[in-house]
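My numbering numbers the first residue of the sequence shown as 2 and each following residue consecutively. Take a look at the structure below.
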Amino acid sequence: MQIFGMRKKGKSIIKCDKCSRIINKAKPKWKKVGDIEYYYLKCPRCKAVYTISATDTALRRDIKRFEEMTAKAQAQGRKPTEKEIQEAQELLQANVARNREIKAQYPLEIKL
């Protein structure tokens with residue numbers, strides 16, 4: 002799946018790697034297999050599946066923690082401190098790395 006930039010209203014232009022179709026209405030789908038939750042896109046023409054994210058319970062908890070960290074200063078009506086920014090960035094990087102690990106370890110299989 003290739004993303005070619007943005008259209009009006011902030012929507013990405015997405016092109017299927019398999020059949021080259023432009024996917025205009027990319028609405029992510031959700032599926033849960035055991036403890037793993039997936040968000041994915043499916044090409045309407047060739048049915049190729051592209052996993053957007055895969056999370057387990059621990060990663061979902063860390064994502065929520067990140068969201069709370071980033072909202073804390075805003076809720077208090079102040080700018081975040083350098084320490085808060087650094088902690089949030091470290092957690093974000095760890096979350097992204099864990100998401101990649103889960104996607105590699107538990108590939109999404111969709112039956113056609």
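Cβ coordinates follow ideal geometry from the N, Cα and C atoms, glycine included. If you're wondering where the values come from, they're calculated on a predicted model, not measured in any experiment.
- K43 carries a strand assignment under DSSP once its states are collapsed to helix, strand and coil.
- Each residue's CA atom was taken as its position, placing L92 and A105 some 20 Å apart.
- Out of K33, K30, L42 and A49, the CA that lies nearest to the CA of K19 is found in A49.
- Contact between P29 and I14 does not hold, since their C-beta atoms are separated by about 16 Å, which reaches or exceeds 8 Å.
- When rounded, the separation of the alpha-carbon atoms in R22 and L42 is 13 Å.
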